[in-house]
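Since the structure comes first, as structure tokens, the remarks are kept for the end.
Right under this line is the structure:
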């Protein structure tokens, strides 16, 4: 099972992108930067929750032959070399196509300890919850800014590992500014949750990460990190990842100072 806390930083990587070697090197760099786990996107043809950056990486990985089986092979290699567990992000379609029990078992065998399925609803979640639990996976539900309070309580009750708070309306992607009501949203979810709360969608800078950490929540960063990796040569993926995440980890460990600098 996942062992995270309110100061955790989880990076998102697309399996096998920009190359198999670069993907593994990036995960190793994440571990060296102090990240306790990583989120791995399984390339999929219709990633409805993802913004243009992640969609592009997923498409490129698929074109390079990173299917379900290859994605899991590379994830297992990255887990082995980095020493940190993976949290898989995928969609209902491939999970049901393979069969929930088999899919969850294969994810667990690849070193995944958590599972995020953005298009899974609470109403349809029970079979997935059973399959995930049987495989030793924490099934993580998402809370949106528009989620009613009573539904937040139900999501918190049924989530395992952590609660994923979506910081904004819409798809993933880096933003220059976070929503003004984000800290209210963090407090709303934390009021109901004993699990760690992780904030994702839109966080792109150390200052933004620090402001979230100051409220006692962790951070998931994806699009901004992948953009930085994509702008560099593939062989520099590990170096770029280390520099990017080290700055964010440092900011989250000293959030008060970074928040002051961010608003001064």
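Numbering (my numbering), first residue to last: -7 to 256. Backbone N, C-alpha and C define an ideal beta-carbon position, used for all residues, glycine too.
Beta-carbon proximity of residue i to residue j, cut-off 8 Å
| i | j | result |
| --- | --- | --- |
| residue 10 | residue 229 | yes |
| residue 264 | residue 25 | Any answer about residue 264 is impossible in this case: the structure gives the chain only from -7 up to 256. |
| residue 5 | residue 32 | yes |
| residue 130 | residue -7 | yes |
| residue 96 | residue 78 | no |
| residue 243 | residue 201 | yes |
| residue 100 | residue 68 | no |
| residue 261 | residue 111 | Given a span of -7 to 256 for the chain in the structure shown, any question on residue 261 remains unanswerable. |
| residue 233 | residue 89 | no |
| residue 177 | residue 140 | no |
| residue 27 | residue 3 | yes |
| residue 107 | residue 126 | no |
Cβ shell of residue i (< 8 Å), same chain only, five flanking positions each side left out
| i | result |
| --- | --- |
| residue 144 | 135, 180, 181, 184 |
| residue 114 | 133, 143, 146, 147, 150 |
| residue 63 | 7, 8, 32, 34, 35, 53 |
Separation of residue j from residue i, as counted between CA atoms
| i | j | result |
| --- | --- | --- |
| residue 29 | residue 186 | 20 Å |
| residue 61 | residue 120 | 20 Å |
| residue 18 | residue -4 | 20 Å |
| residue 0 | residue 189 | 10 Å |
| residue 56 | residue 8 | 8 Å |
| residue 238 | residue 203 | 16 Å |
| residue 222 | residue 59 | 20 Å |
| residue 23 | residue 74 | 6 Å |
| residue 92 | residue 197 | 36 Å |
| residue 122 | residue 226 | 39 Å |
| residue 235 | residue 105 | 26 Å |
| residue 109 | residue 246 | 32 Å |
| residue 163 | residue 16 | With a pLDDT of 47 at residue 163, under the threshold of 50, the predicted position of this residue should be treated as unreliable, and no value is reported. |
| residue 214 | residue 199 | 16 Å |
| residue 174 | residue 71 | 32 Å |
| residue 231 | residue 87 | 33 Å |
| residue 38 | residue 65 | 22 Å |
Residues of its chain near residue i, where Cβ-Cβ distance is below 6 Å and the 5 sequence neighbours each way are ignored
| i | result |
| --- | --- |
| residue 253 | Confidence in residue 253 is poor, its pLDDT being 38 and thus under 50, which makes the residue's placement too unreliable to answer from. |
| residue 14 | 226, 229 |
| residue 49 | 6, 9, 218 |
Of the residues the options, the one placed nearest residue i, counting alpha carbons only
| i | options | result |
| --- | --- | --- |
| residue 116 | 153, 126, 85 | 85 |
| residue 211 | 81, 49, 50, 154 | 154 |
**Item:** Three or more C-beta pairs below 8 Å linking the segment 39 to 53 and the segment 202 to 221
**Value:** yes
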